[in-house]
Amino acid sequence: MCPWGSAVEDPAYYALLSGGARYYAHLVAMLAEDGESDLGYAKVGGLYVPGTADELDATERRARARAAEAPEAGSIERVSAADARKLFPPLRPDQPGLFISGGARVDGRRVAAAMQRAAAKRGARLVTGSAELMMRGGRVAGVVVNGETIEADTVVVAAGAWAPKLLEPAGVPLGVAPQRGQIIHLRSPGTDTAHWPILMPLSSHYLLAFEDSRVVVGASRETGAGFDYRFTAAGVAEVLNAALDVASVFARSPMIYALNLAARPASTISLSVTVSARAGCRWVPTAARCSRTWRLARRRHSISHPTPSNNNTHRQH
Ligand SMILES: Cc1cc2nc3c(=O)[nH]c(=O)nc-3n(C[C@H](O)[C@H](O)[C@H](O)COP(=O)(O)OP(=O)(O)OC[C@H]3O[C@@H](n4cnc5c(N)ncnc54)[C@H](O)[C@@H]3O)c2cc1C
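In the numbering used here, the protein residues as written are 245 to 561.
Next up, the structure:
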């Protein structure tokens, strides 16, 4: 999470990214109240390392302008190549950067698990299984999981790339399709990586480190791969090359610790969409800039207009 210097121009999309970064501190504090701190979350800062001096200047201008409205961005500092390497030692020696202290990283799996535990502590009942919408009189009236019918006033569909299938019975068209992503975890045995910042070359790739001497490099974006969970030579090569481009020292990295691959819910329009389907099939595409979905939605359903606080449309990372 370090949106302030990003090259994103769409104001709605940037508002989502910065809103998320702002909200995270609250989320972490709320989870702590429930005794949940195993999130892989750390405010390690973000280090932008774009390829050219012009891009670095532009990144700094953007970051300073945006940070004026976002105190959570923290301090912004132009760093020399030598200082950048002190922050992220594997960085190539000729690469200056822009360090933003408010940047943070988190482990999505750990935070998701923590949220489930916290919800359970507060009385939520967790049901594991494949859910289907339960329709009554042409309206969404609940879900069926493992043969159990659960009636509900509101059904929130958060099924990622599988959401279109789940929403079919409600006749809700959703411009979302799976996009394969391949990630590589590099091990740097004996190295204290816990405080390394997120490294952002300003391409679609990124490097981030975790506590266990591990650097994660992500990610390929493979539209059209569907739910095919096979690693490909091209995907692995793309991600490794992105890492070596900014941190050639990884060419001597002793081993690839792990490979991860998943299907992200990518938009078939310009942004990804998360839709909450309310009982009565009154559904709310919470995108501020999702015109095609809006038009489809207007034809088929009554629409509640989104408010800035419930925007949850997002481009994939
Ligand atoms: C390789 C890769 C790297 C990524 N890196 C980043 C990153 O660095 N930062 C970032 O912010 N994002 C990243 N993303 C994107 C991030 O993973 C997605 O944005 C996020 O996971 C989307 O969350 P979601 O809850 O919408 O969907 P998902 O995380 O896909 O969750 C959907 C869940 O719904 C479940 N489900 C589906 N259908 C049903 C059903 N019928 N019944 C019950 N359950 C169902 C699925 O099993 C799944 O667990 C990455 C994605 C990929 C693929």
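Just so it is clear, CB atoms sit at the ideal spot from N, CA and C, and this is done for glycine as well. Quick caveat: nothing in here was measured; it's all calculated off a predicted structure.
In the structure shown, the three-state DSSP call for Thr437 is coil.
In this structure, Leu300 and Pro334 do not form a Cβ contact; the two beta carbons are roughly 19 Å apart against a cut-off of 8 Å. Residue nearest to Leu430 within the set Val460, Leu452, Arg308 is Val460 (criterion: CA-CA distance). With a cut-off of 7 Å, the C-beta of Ile394 is classified as distant from ligand 1, since no heavy atom of the ligand falls inside that distance. In the three-state scheme derived from DSSP, where H, G and I count as helix and E and B as strand, His270 is classed as helix. With fewer than three CB-CB distances shorter than 8 Å, the stretch 401-410 does not count as touching the stretch 442-451.
Relative to the Cα of Ile344, the nearest Cα in the group Ala273, Thr393, Gly352, Gly290 belongs to Gly290. Residue side-chain check: Gln426 places its Cβ nearer than 7 Å to a non-hydrogen atom of ligand 1.
Secondary structure within the stretch 270-312: the alpha helix (DSSP H) runs of 4 or more consecutive residues, fully enclosed, are 297-311 (chain order). Distance from the Cα of Lys409 is smallest, within the candidate group Ile394, Ala363, Phe471, Ser432, for Phe471. With respect to Met245, Ala265 sits close: the two C-beta atoms are nearer than 8 Å. With respect to Glu316, Ala269 sits close: the two C-beta atoms are nearer than 8 Å. Scanning the stretch 313-380 from its first residue to its last, the whole alpha helix (DSSP H) runs of 4-plus residues come out as 325-331, 352-365. Val416 is the residue among Pro441, Asp298, Val416, Ser374 whose C-alpha sits nearest the C-alpha of Gly382. Val288 sits close to Gly347, with the two beta carbons spaced by under 8 Å. Ala286 places its beta carbon 8 Å or farther from that of Val420.
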